[in-house]
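So that you can map any letter, position 83 of the sequence shown is 108 in my numbering, and since no number is skipped, the others follow by simple counting.
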Amino acid sequence: MRYLLLLMLAICTLFCDAQQVTGSVTNENGAPVAGATVTLLKSKDSSVAKISVSGPDGSYSFPTMPEGNYLIVVTHTGYKAVHSSRFSLGDVNIHVPAMTLTRLTGMMTAVNVTAQKPLVEVRADKMIVNVEGTINATGLNALELLRRSPGVLIDKDDNISMSAKTGVQVHIDGRSTHLSGQELSAYLRSLQSSQVESIELITNPSAKYDAAGNAGIINIRLVKNKALGANGSVNAGWNIGITPKYNGGMSFNYRSKRINLFGTYAYNYAPVEQHLDFRRTTALSGTPDTLFDQQGTISDVRQAHNIKAGVDFFVNKRNTFGVLVNAILADPVSDSYSRTLISDMSTNVVDRILVADNSNTMKRHNANFNLNYGYSGTSGELLTLNADRGSYDLHSNQFQRNYYYDPSGQVLQSSVIYHMLSPAQINIHSVKADYERALGKGRLSFGAKTAWVTTDNDFRRYDVLAGGEQLDHDRSNRFLYQEDIAAAYASFSRQYKSFMMQAGVRMEHTSAEGVSESVKFDGAGFSTAVTSFKRSYTDFFPSAAVTFNKNKEKQWSLTYSRRIDRPAYKDLNPFEFALDEYSFMKGNVNLRPQYTNSISLAHTYKYKLNLSLNYSHVNNMFADIFDTASKSKAFVSKRNLATQDIFAFNMSYPYQYKAFSVFTNVSANFSMYEANFGEGRRVDLEAFGLTIFSQASLKFAKTLTAEVTAFFNAPTVYQGTFRAKAVYNADAGISKRCLDGKVTLKASVSDIFYTQRFSATSDFAGQTMKFNYRQESRQFKLALAYKFGRSTIKAARQRTVGAEEELKRVQQGGGVLGN
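Next comes the structure, spelled out in structure tokens:
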């Protein structure tokens, strides 16, 4: 009976409301103030009884408070603190009259901030991973940071998925990276962890965001200086696995009342070795006939310069102009060597050996320019205008050497050598306007955007012969692509007594045209062959969210959204690109956009325990399909699967006891893939996925901290056809601060047990494949960072620009198929 009473008492504690204190915070213009610190004090001795933060509508609450006499104090950066009158809390709830904040005048005095952000924060619409200051982020790049983020999976080809869904949009400081595929992974590798402040995982974006990205948005926020006066930082890092790697960078910031000038520079040099084992069995007649057993090594030298600079002009309190420029100058080099045993499976005897020795020198240069204007009205209205231009200069110079030996591997029988050049130019423009204002007791947002994209890539393949190089007209082509997108949206949000609602709809109209030109020999001579396609379609994308927040310590939210993923430029090119003598890639002009309807239910208990349940239905899901071209040969092409259904569950909880803290996140999902391409080409798979992520931290002293991070990915299915084995990893590190926190030293070891590898199998269209892929994941890392200048805190201006989606689909070579 005693235990039963205790259980009933615990249930009552969780679900029964007591007296509460509610109120709201506004500025001198009557607009709500979000993010203000609201402190409930005991009037007897002014001791702190509870602390809260005002929401987007300025509201706050203190639920389940005991009887007594209290008062409220509200503080916010840049405002004067304000106190309420004393009040008594008895048998009824208390609603405190609106607290009005007024801005401070003159220069702020220095403020030292020593509080450390939690590793992961869970909000109603997103999860935030705070990277800055963590030890195990030392020496990593942004792609590796994403690999360690809760609920994010990255396969061997660097395809990013979140909650088992592909089609993730990656933003930097609220702006699209303008990249996808291998271009995106190359950029993320060039971005060092020392530049990253936090990673935001947004699963159900509102109508304000571009509708692209069926899995949602990953927004990487970079470290910013927020101080008046001049300051900056320098950092350097050294890693070693198989080979040493280097990185370094610097940042500066100058801020006054009228201007903010800022910039960052980072350089990364990272030779990386990767190993690939690939076994492919063909069985076109129903019986296995040929076995390809390949073992290869890929040696990449990844080097890149990242430059970002900007200036904001504060005309007055209401108007701000800004200019932002960022550029990536990357010149990676990739060399690969593989040895393939080709066997006749009827005799299990090696027939010949193929040795492939390939090299690729690449250029990945791009520059993006942004002009922006912001207006803040006296009644809380906000207007933001953005104009963007992005230019990409891409080039690939690849030699592909194929040597055939007899079964002994000693006698060269024949050789085939190709030289492939693929210059590409991509230009992207966009103009965007967003407006927000109060409407009744809520907020109305609406806006419009137009964007236009042109791509031009010229792929030329040469046969290398004894007498020189000869252009292969049949395997060369030029691909031109143009796309225009016009969009408009409207959204409304309002806080009611016990819940908050937000609803909106976005309309996007897309017009696209692609032309592939090649020269063909028709028997009498050469003639130009043209393959083209045109598309024009309009879609509506509704979104809605309801958050039940009467009791701030027990909040429920229900969200819904519809989203789209348009094909990458490369995947529409119908031409074929050889990978080796037995496999090649091919575009698909019939590739259609994929659409996702997603609904999510989430619960937050006492700001710590977070639970969510999500269901998504994907139509026309993109998938990389290995299909047969002729006997013993195969091609990779992106196809539309019929459907994908995903059920996902996520749970996270932070725990802290004195100097020890730990954060744990568990993500589970169940996926169903279905498609039928005819002639035995059928996909019908069910898969369970599980990801466990945990990070523990222990402070030995005020300046010495140790961390351990681990994750586990259970066996699952990628791209609808690949069954992957489990992947797991553990990192450890230590950090030391000195010289009053201006200097930070960090040392860490990644993948301590060397267990991070990708293994998968596929059985489709008469081919069975087995992959084993391992990269240089175990590394020892050292990092040094030094901060200089003033540290007076002042809120930095947040900005987003217009080119949010259409640039993200830039692929390797600007649309050229291949590595």
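Yeah, the Cβ is synthetic: ideal placement off N, Cα and C, and Gly gets one too.
Inset, instruction - Apply the 10 Å Cβ neighbour rule to residue 736 and answer buried if 16 or more other Cβ atoms are within range, or exposed otherwise. - result: By one-based count along the sequence shown, residue 736 stands at place 711. Buried: at least 16 other Cβ atoms inside 10 Å.
Legend entry - DSSP three-state assignment for residue 801, whether helix, strand or coil: Your numbering for residue 801 matches position 776 in the sequence shown. Coil, per DSSP.
Legend entry - Per-residue burial, residue 464 [other beta carbons within 10 Å of its own, 16 or more giving buried]: Taking the first residue of the sequence shown as position 1, residue 464 is located at position 439. Label assigned to residue 464: exposed.
Legend entry - Sub-8 Å separation of residue 166 and residue 126 beta-carbons: Sequence index remark: in the sequence shown, residue 166 carries index 141 (1-based). Sequence index remark: in the sequence shown, residue 126 carries index 101 (1-based). Not a contact, by the Cβ cut-off of 8 Å.
Inset, instruction - List the endpoints of the continuous beta strand (DSSP E) containing residue 699. - result: Reading the sequence shown from its first residue, position 674 is the one you call residue 699. 685-701 is the extent of the beta strand (DSSP E) around residue 699.
Inset, instruction - Compare the beta carbon distance of residue 221 and residue 177 with 8 Å and say whether it is the shorter of the two. - result: If you number the sequence shown from 1, residue 221 lands on position 196. If you number the sequence shown from 1, residue 177 lands on position 152. No. Outside cutoff.
Legend entry - Residue burial classification, residue 732 (beta-carbon count within 10 angstroms, cutoff 16): Residue numbering aside, residue 732 sits at position 707 when the sequence shown is read from its first letter. By the 10 Å Cβ count, residue 732 comes out buried.
Legend entry - Alpha carbon of residue 264 to alpha carbon of residue 288, nearest angstrom: On the sequence shown, residue 264 is found 239 positions in, with the first residue counted as 1. On the sequence shown, residue 288 is found 263 positions in, with the first residue counted as 1. Cα to Cα, the separation comes out at about 26 Å.
Inset, instruction - Alpha carbon to alpha carbon, how far is residue 634 from residue 90? Give it in angstroms, no decimals. - result: Reading the sequence shown from its first residue, position 65 is the one you call residue 90. Reading the sequence shown from its first residue, position 609 is the one you call residue 634. Distance between the alpha carbons of residue 90 and residue 634: 20 Å.
Legend entry - CB of residue 326 within 8 Å of CB of residue 348, strictly: As a position in the sequence shown, residue 326 is number 301, starting the count at 1. As a position in the sequence shown, residue 348 is number 323, starting the count at 1. Contact flag unset, no.
Legend entry - Identity of the residues DSSP links to residue 732 by a beta bridge: Here residue 732 refers to the residue found at position 707 when the sequence shown is read from its first residue. Answer is 722, 758.
Legend entry - Secondary structure of residue 101, DSSP reduced to three states: Against the sequence shown, residue 101 aligns to sequence position 76. Note: residue 101 maps to coil in three-state DSSP.
Legend entry - Nearest candidate by alpha-carbon position, reference residue 489, set 444, 743, 647: In the sequence shown, counting from the first residue as 1, residue 489 sits at position 464. Looking at the Cα atoms, 444 is the closest of the given residues.
Inset, instruction - State the DSSP-derived secondary structure class of residue 169, mapped to helix, strand or coil. - result: For the purposes of this step, residue 169 is taken as residue 144 along the sequence shown, with counting starting at 1. The answer is helix: DSSP assigns residue 169 an H, G or I state.
Legend entry - Reference residue 897; option with closest CA among 336, 375, 417: What the structure shows of the chain is the stretch from 26 to 844, and residue 897 is not part of that stretch, so it cannot be assessed.
Legend entry - Whole-angstrom distance between residue 749 and residue 854, CA atom to CA atom: In the structure displayed, the chain extends from 26 to 844; residue 854 sits before or after that span and is not available.
Legend entry - Alpha-carbon to alpha-carbon, residue 649 and residue 530: Counting from 1 along the sequence shown, the entry for residue 530 is found at position 505. Counting from 1 along the sequence shown, the entry for residue 649 is found at position 624. Looking at the two C-alpha atoms, the distance is approximately 31 Å.
Inset, instruction - Can you tell me which of the three DSSP states residue 109 falls into? - result: Locating residue 109 in the sequence shown gives position 84, counting from the first residue. Looking at residue 109 - three-state DSSP - the assignment turns out to be coil, as it is neither helix nor strand.
Inset, instruction - Decide if the stretch 57-66 is in contact with the stretch 76-87; the criterion is three or more beta carbon pairs, one per stretch, under 8 Å apart. - result: yes
Inset, instruction - Let me know the secondary structure DSSP gives residue 764 once reduced to three states. - result: The sequence position of residue 764 within the sequence shown is 739, counting from 1. Note: residue 764 maps to coil in three-state DSSP.
Legend entry - Proximity below 8 Å, CB of residue 502 to CB of residue 542: Position 477 of the sequence shown, counted from the start, is the residue given in the question as residue 502. Position 517 of the sequence shown, counted from the start, is the residue given in the question as residue 542. Against a cut-off of 8 Å, the Cβ pair of residue 542 and residue 502 comes out as a contact.
Legend entry - Reduced DSSP category for residue 500 - H, G, I as helix; E, B as strand; rest coil: Translated into the one-based positions of the sequence shown, residue 500 becomes position 475. Note: residue 500 maps to helix in three-state DSSP.
Legend entry - Touching by the beta-carbon criterion (3+ pairs, under 8 Å), the stretch 273-283 and the stretch 566-577: no
Inset, instruction - Could you check the C-alpha separation between residue 469 and residue 539 for me, to the nearest Å? - result: The residue labelled residue 469 in the question sits at position 444 within the sequence shown. The residue labelled residue 539 in the question sits at position 514 within the sequence shown. Rounded to the nearest angstrom, the two C-alpha atoms are 38 Å apart.
Legend entry - DSSP state of residue 594 mapped onto helix, strand, coil: The residue labelled residue 594 in the question sits at position 569 within the sequence shown. Here residue 594 sits in helix by DSSP.
Legend entry - N- and C-terminal bounds of the beta strand (DSSP E) containing residue 343: Here residue 343 corresponds to residue number 318 of the sequence shown, with the count starting at 1. Looking at the DSSP string, residue 343 is not in any beta strand (DSSP E), and its letter there is neither H nor E.
Legend entry - Identified DSSP bridge partners for residue 681: The sequence position of residue 681 within the sequence shown is 656, counting from 1. According to DSSP, which records beta bridges pairwise, residue 681 is partnered with 686.
Legend entry - Span separating the alpha-carbon of residue 99 from that of residue 55: Start at 1 with the first residue of the sequence shown, and residue 99 comes out as number 74. Start at 1 with the first residue of the sequence shown, and residue 55 comes out as number 30. Distance between the alpha carbons of residue 99 and residue 55: 16 Å.
Inset, instruction - Thinking residue 687 and residue 680 are a contact (beta carbons under 8 Å), I'd like their distance in whole angstroms, please. - result: For the purposes of this step, residue 687 is identified with residue 662 of the sequence shown, where counting begins at 1. For the purposes of this step, residue 680 is identified with residue 655 of the sequence shown, where counting begins at 1. Between residue 680 and residue 687 the Cβ distance is about 5 Å, and since that is below 8 Å, they are a contact.
Legend entry - beta strand (DSSP E) segment containing residue 247, residue limits: In the sequence shown, the residue the question calls residue 247 occupies position 222. Taken as a continuous stretch (DSSP letters only), the beta strand (DSSP E) holding residue 247 covers 242-247.
Inset, instruction - Classify residue 218 as helix, strand or coil using the three-state DSSP reduction. - result: The residue you call residue 218 lines up with position 193 of the sequence shown. Residue 218 falls in the helix class under three-state DSSP.
Inset, instruction - Within the same chain, show all residues whose beta-carbon is closer than 6 Å to that of residue 629, passing over the 5 residues directly before and after it, in chain order. - result: In the sequence shown, counting from the first residue as 1, residue 629 sits at position 604. Contacts found: 580, 635.
Inset, instruction - Would you check if there are 3 or more beta carbon pairs closer than 8 Å linking the stretch 395-406 to the stretch 333-344? - result: yes
Legend entry - Alpha-carbon spacing of residue 370 relative to residue 664, whole angstroms: Here residue 370 corresponds to residue number 345 of the sequence shown, with the count starting at 1. Here residue 664 corresponds to residue number 639 of the sequence shown, with the count starting at 1. So the alpha carbons of these two residues sit roughly 30 Å apart.
Legend entry - Closest residue to residue 645 among 466, 375, 616 (Cα-Cα distance): Numbered from 1 along the sequence shown, position 620 holds the residue referred to as residue 645. Among 466, 375, 616, the Cα nearest to that of residue 645 belongs to 616.
Inset, instruction - Decide if residue 101 is buried, meaning its Cβ has at least 16 other Cβ atoms within 10 Å, or exposed. - result: Within the sequence shown, residue 101 is the residue found at index 76, counting from 1. Buried, by the Cβ-count rule.
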